[in-house]
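Colleague: Take a look at this one; I'll ask things after.
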Amino acid sequence: MNPAIPNSPGRAAPPLDAPTVRLPAASGGRRIGELDALRGLALCGILFVNIAQILYLRGIVDLQKLPIPHALDMFVQQRFFPIFSLLFGVGFGIFLGNASQRTARPRVVLLRRLLVLAGFGALHHFLQPGEALLPYAIFGLVVLLPMSFLPWWANLPIAVAMTAVTLSLTSGGMLLIPCLLLAGFALAQAGLPARLPRLGGQLAAVFAVSALAGAGFLVLQEQNPLNAGFNGESAAAGLFMAIAYSAGFLLLLRTPVSRVLSPVLEPLGKMALTNYVTATLLIIPFGHLLGMRESTKWELLLAMAAGIILVQVLWSRWWLARFQYGPLEWVWRCATWWRIVPFRRKPSPAPRAS
């Protein structure tokens, strides 16, 4: 399939792609390593929560919160899922911007991308009913596609207002997904990903403000630890701490520590779809084998999460040394563009003899 040329003479764009807002190619078609690493970090945090949910581990005994689930409620639960959701929105925004440089109908291509994601999510839902891919696709279809006709300076305030209303009326969870997707999409529309290297001072300010707000809401959450995850205070704590984690991590990547973090987390993030799904395929059999279902074996949860992360880091690095995309990422890309895209990496040319 040859990509159409944008605005080619005599070609009338369909209503879905009526020219309203210029869509910048946010990354020039190149992956942004910092965002891949942040996505990998989010994937690690989500894993701890997903194991507990998939295996129905019990965190309360005799009306007392057990220490490990209590710590996870404070620092992990609702803290990494917002990062993952926001980055999906950023990814859709970057994709639409880049697609607008390749075809006259970028939103049709995005529509196809969302429908394929819905297929992945529907299949994954049978194994993990609380999974996020299907909601991402559904909210992408009903929120992002229509809102993509608006500029970032309209979408971002709308996303912030949606988030504030959601936090004031609900306990967050899946209802935050459309807010975070739209916020991430607006940030990509504004070209923020490409400007990340120049945002040191701004990131530090965001970290300071969000960490302070997150600490305040965490104090409120701790007033009723048994209800963590089921009220607006814990949702707000999670969201502000997620922002602080993101800003702090991006700042950390500008230090020598990045030489350790980036090679570990970037491959995880580049294969986020594959790793998100395959984690479920590992959790279910090993959880049953270890007798974790409906148990209080939280120490085993920590060991299982560490083991899965180690396996996925090694597997992702091995795979990406040979292939351009993860397995599911490649299928997603082929179905999105409706053609077979190159999969294997080209071998590096041999050095010339002197």
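Position one of the sequence shown corresponds to residue 1 (the UniProt record's numbering), numbered consecutively onward. Glycine residues also receive a C-beta, built at the ideal position from the N, C-alpha and C atoms. On a predicted model such as this, the values are computed, not experimentally measured, just so you know.
Assuming the contact rule is C-beta atoms closer than 8 angstroms, Leu110 and Leu127 should be a hit. Round their C-beta distance to whole Å, please.
Modeller: Start at 1 with the first residue of the sequence shown, and residue 110 comes out as number 110. Start at 1 with the first residue of the sequence shown, and residue 127 comes out as number 127. Not quite, the Cβ-Cβ distance comes to about 27 angstroms (not below 8 angstroms), so this is no contact.
Colleague: Just mark Glu299 as buried or exposed, buried being the case when its beta carbon has 16 or more other beta carbons within 10 Å.
Modeller: For this step, residue 299 is matched to residue 299 along the sequence shown. Classification of Glu299: exposed, given that the 10 Å Cβ count is below 16.
Colleague: Looking at the structure shown, is Phe323 part of a helix, part of a strand, or coil, going by DSSP?
Modeller: Numbered from 1 along the sequence shown, position 323 holds the residue referred to as residue 323. In the structure shown, Phe323 sits in a strand (DSSP, three-state: E or B).
Colleague: Return yes when the Cβ of Leu253 is within less than 8 angstroms of the Cβ of Ala42, no when it is not.
Modeller: As a first step, residue 42 is located in the sequence shown; it is residue number 42 there, counting from the start. As a first step, residue 253 is located in the sequence shown; it is residue number 253 there, counting from the start. Cβ atoms of Ala42 and Leu253: not closer than 8 angstroms.
Colleague: Excluding the five sequence neighbours on either side, which residues of its own chain have a C-beta within less than 8 angstroms of the C-beta of Arg317, listed in chain order?
Modeller: Locating residue 317 in the sequence shown gives position 317, where the first residue counts as 1. Same-chain partners within the cutoff: Pro263 and Pro267.
Colleague: Could you name each continuous alpha helix (DSSP H) segment of 4 residues or more that falls completely within the region 170-219, going from the start of the chain to the end?
Modeller: Runs of the alpha helix (DSSP H) lying entirely within the region 170-219, each at least 4 residues long, are 177-189 and 192-195 in chain order.
Colleague: What residues are listed by DSSP as bridge partners for Val61?
Modeller: Translated into the one-based positions of the sequence shown, residue 61 becomes position 61. BP columns for Val61 point to Gln64.
Colleague: How many angstroms separate the CA atom of Leu167 from the CA atom of Gly59?
Modeller: As a working mapping, residue 167 is identified with position 167 in the sequence shown. As a working mapping, residue 59 is identified with position 59 in the sequence shown. Cα-Cα distance, rounded: 24 angstroms.
Colleague: Locate the alpha helix (DSSP H) running through Gly269, then write down its first and last residues.
Modeller: Along the sequence shown, one-based indexing puts residue 269 at 269. It spans Ser258 to Lys270 - the alpha helix (DSSP H) in which Gly269 sits, taken as one unbroken run.
Colleague: Express the C-alpha separation of Val61 and Trp332 in angstroms, rounding to a whole number.
Modeller: Your numbering for residue 332 matches position 332 in the sequence shown. Your numbering for residue 61 matches position 61 in the sequence shown. Going from the Cα of Trp332 to the Cα of Val61 covers about 43 angstroms.
Colleague: Which runs of the alpha helix (DSSP H) spanning at least 4 residues fall entirely within the region 105-160, listed in chain order?
Modeller: 106-127 and 133-139
Colleague: Considering only their Cβ atoms, is the gap separating Gly89 from Leu192 smaller than 8 angstroms?
Modeller: One-based indexing of the sequence shown puts residue 192 at position 192. One-based indexing of the sequence shown puts residue 89 at position 89. Contact flag unset, no.
Colleague: Take Ile83 and list the residues in its own chain whose beta-carbon comes closer than 6 angstroms to its own, dropping the five residues that flank it on each side.
Modeller: For this step, residue 83 is matched to residue 83 along the sequence shown. Taken in chain order, the residues that qualify are Ala42, Ala242 and Ser246.
Colleague: Could you check whether Leu47 and Met292 sit closer than 8 angstroms to each other, using their CB atoms as the reference points?
Modeller: The count along the sequence shown starts at 1 and reaches residue 292 at position 292. The count along the sequence shown starts at 1 and reaches residue 47 at position 47. Going by C-beta atoms, Met292 is not nearer than 8 angstroms to Leu47.
Colleague: Who are the Cβ neighbours of Gly213 in its own chain at under 6 angstroms, not counting the five residues just before and after it?
Modeller: The residue labelled residue 213 in the question sits at position 213 within the sequence shown. Just to set this straight, residue 213 is Ala in the shown sequence, not Gly. So the list reads Phe240, once near-sequence residues are dropped.
Colleague: Taking 8 angstroms as the threshold (C-beta atoms), are Tyr136 and Leu117 in contact?
Modeller: Along the sequence shown, one-based indexing puts residue 117 at 117. Along the sequence shown, one-based indexing puts residue 136 at 136. A contact, by the Cβ cut-off of 8 angstroms.
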